[in-house]
Amino acid sequence: MRNPLVVDLDGTLIRGDLLWEALAGLARERPWLFLLLPIWLLGGRAHLKDRIARLHTPNAALLVYRPEALELCRTANESGRRLILASASPRVWVDAVAAHVGVFDTVLASDAHRNLKGSEKLRAIREEIGTGPFTYVGDSKADAPIWEDAEEAVGLGAGSRIARILSRHPNSTIIEEVSRPWALSAVQAMRPHQWVKNILVFVPLLLAHQLDDASRLEETLLCFILFCLVASAGYLVNDILDLPSDRGHPSKCRRPIASGQLQISHAIGLVSALLLTTLWICLVWLGPEVGLMLGVYVGLTFAYSFYLKQTLLLDVLVLAGLYTHRVLTGGLAADVSVSPWLLAFSAFFFLSLAFVKRYLELAHARNQGSRSIPRRAYEVGDLGMVEAMGLACGMISVLVLCLFISSADVRLLYRTPGLLWLMCPVMFYWISRIWFLARRGELDEDPVLFATRDPRSYVAGILALIIIAAAATW
46 MRNPLVVDLD GTLIRGDLLW EALAGLARER PWLFLLLPIW LLGGRAHLKD RIARLHTPNA
106 ALLVYRPEAL ELCRTANESG RRLILASASP RVWVDAVAAH VGVFDTVLAS DAHRNLKGSE
166 KLRAIREEIG TGPFTYVGDS KADAPIWEDA EEAVGLGAGS RIARILSRHP NSTIIEEVSR
226 PWALSAVQAM RPHQWVKNIL VFVPLLLAHQ LDDASRLEET LLCFILFCLV ASAGYLVNDI
286 LDLPSDRGHP SKCRRPIASG QLQISHAIGL VSALLLTTLW ICLVWLGPEV GLMLGVYVGL
346 TFAYSFYLKQ TLLLDVLVLA GLYTHRVLTG GLAADVSVSP WLLAFSAFFF LSLAFVKRYL
406 ELAHARNQGS RSIPRRAYEV GDLGMVEAMG LACGMISVLV LCLFISSADV RLLYRTPGLL
466 WLMCPVMFYW ISRIWFLARR GELDEDPVLF ATRDPRSYVA GILALIIIAA AATW
């Protein structure tokens, strides 16, 4: 019989680290316990992991397994070879993974007093198999002492530094993994295609007819860039918290964090970098007022990700509020007053689109045979109510536009305000069409992103700009 095959877990059998998976779960379920992490860490890394393991165990069925590692383990199992899963993670986590994979004979794991990493893991392996030869499969430089003692050293998806370590071993193998570059995964996780929503910061400048003011335009452009940074930070946090539901979704499972292409720890580092960059630019160029507005936006975004998205109706109100907040901040950055009419229109218009988003999620759940959406407060039976409220909000936004055109305020900005009445059928058409498409199942994405790829939406947008320009100049 061939010598035992010892397989590392974190980063080898799975993409990622169970500690970070558990921390993400803890943040999702009981974020206030993060205040205790520094205290637990005082007892050592093993004590920290033991305390977290008592509170949360990642779902082994939803982890991202490396196909190369699974194939290696299954081949060894079929040949009758003894398989040992050795990990620095707590036993309860490792046992769950071993039970899910179903090929391991023995599990070696950390406890409250012993962290099985590096030389400590080697000691545990020797205690288990004695002085005989073994093959070790790992992925990090912490595995160097184990590879050195193993008869055969296997590196999975290893980088150049690990390749140098293995090159010194007389019997080593590197199994390359096909994966996209880290930078590409990071950019994809930041969702740059969503940045189009931040164009809303230019709306106050456009409606005040100040786009030709270079100074105001520069300030607004900086504001746009900062919203892109903080919005990306929000998307990263949201993806970390939504890991279980994303991994069970047919399309969201391909997101970089959900698919394991971007590690949770790297995503958290990226969030920190984005927020610190935003803070620095605010302090140097835009001033504390815009910084405060961006801080409120970040706070609302994080509150939405952690809690508010699970609250009935409050979630769509916050989504609509985040869009309107962009408009307000754009006006502040450009030193342009934002009309109450614009705020009212924006609130109801984006509330309608927020309901569209929930309608699409509920329709998908219905088609999948589910009764509800994970981490949402809506049920499939609410579809009719969501549709009615969304349509009502959309029509109210058109009504607000009509009232604005009828008011005395419109004459202060437009030479021929009567032309603005042409905006009403354009807005009515676009909102109604979005809801028709959603109800027919022909709309399967965020309605704002849909508009960026929809020719008819472009036509409606161009018509609206022509009407505004004509009313202002004729």
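If you count by the working numbering, then the sequence shown holds residues 46 to 519, one letter each, in order. Here a beta-carbon is modelled for each residue, glycine too, at the ideal position from N, C-alpha and C.
State the CB to CB distance for the pair residue i and residue j, rounded to an integer number of angstroms; the pair is presumed to be in contact (CB under 8 Å).
i, j, result
"V182", "A114", "7 Å"
"P492", "V383", "The Cβ separation is near 23 Å, so there is no contact."
"C268", "T374", "6 Å"
"A143", "L130", "5 Å"
"R136", "D156", "6 Å"
With DSSP as the reference, please indicate the residues paired to residue i in a beta bridge.
i, result
"G183", "G200"
"I219", "G200"
"L50", "L128, T180"
"S417", "E424"
"D55", "I59"
"Y110", "I59"
Taking the CB atoms as reference points, tell me whether residue i and residue j lie closer together than 8 Å.
i, j, result
"V381", "P470", "no"
"Q255", "A378", "no"
"L315", "L281", "yes"
"F179", "A195", "yes"
"S304", "M235", "no"
"A526", "T356", "One cannot answer for residue 526 here, as it falls past the ends of the chain, which runs 46 to 519."
"L128", "V52", "yes"
"G376", "Y404", "no"
"V372", "L245", "yes"
"A392", "L465", "no"
"V71", "L100", "It is Leu, not Val, that sits at residue 71 in the sequence shown. Cβ atoms of L71 and L100: closer than 8 Å."
"V363", "L353", "yes"
"I326", "L262", "no"
"T57", "D140", "no"
I need the boundaries of the beta strand (DSSP E) containing residue i, first residue and last residue.
i, result
"L130", "128–135"
"A151", "In the sequence under discussion, the amino acid at residue 151 is Thr, which differs from the Ala named in the question. Looking at the DSSP string, the run of the beta strand (DSSP E) that includes T151 is 151–155."
"L64", "Element bounds for L64: not the beta strand (DSSP E) but the alpha helix (DSSP H), 63–74."
Would you kindly report the start and end of the unbroken alpha helix (DSSP H) that includes residue i?
i, result
"D284", "259–286"
"D188", "D188 -> no alpha helix (DSSP H), and no H or E assigned at all."
"D95", "90–100"
"K242", "Here K242 belongs to no alpha helix (DSSP H), and DSSP marks it neither H nor E."
"Q233", "227–234"
"K297", "Segment: none, K297 is in no alpha helix (DSSP H) and carries neither H nor E."
"P333", "333–351"
"W363", "For the sequence presented, residue 363 should be read as Val rather than Trp. Per DSSP, V363 belongs to the alpha helix (DSSP H) from 359–379."
"T497", "492–498"
"G486", "Premise fails: G486 is in no alpha helix (DSSP H) and is neither H nor E."
"T323", "309–326"
"W330", "Unbroken run through W330: none, as it is neither H nor E."
"R411", "385–412"
Within 8 Å, do at least three Cβ pairs link the region 495–508 to the region 468–486? As far as the Cβ criterion goes, the region 468–486 touches the region 495–508, which means the pair count is three or higher.
Is the region 59–66 touching the region 102–112 in the sense that three or more CB pairs, one from each, lie closer than 8 Å? Three or more Cβ pairs closer than 8 Å define a contact, and the region 102–112 meets that threshold against the region 59–66.
Within the chosen definition, does the region 484–499 reach the region 447–460 through at least 3 CB pairs nearer than 8 Å? Because the criterion of three Cβ pairs below 8 Å is not met, the region 484–499 and the region 447–460 do not touch.
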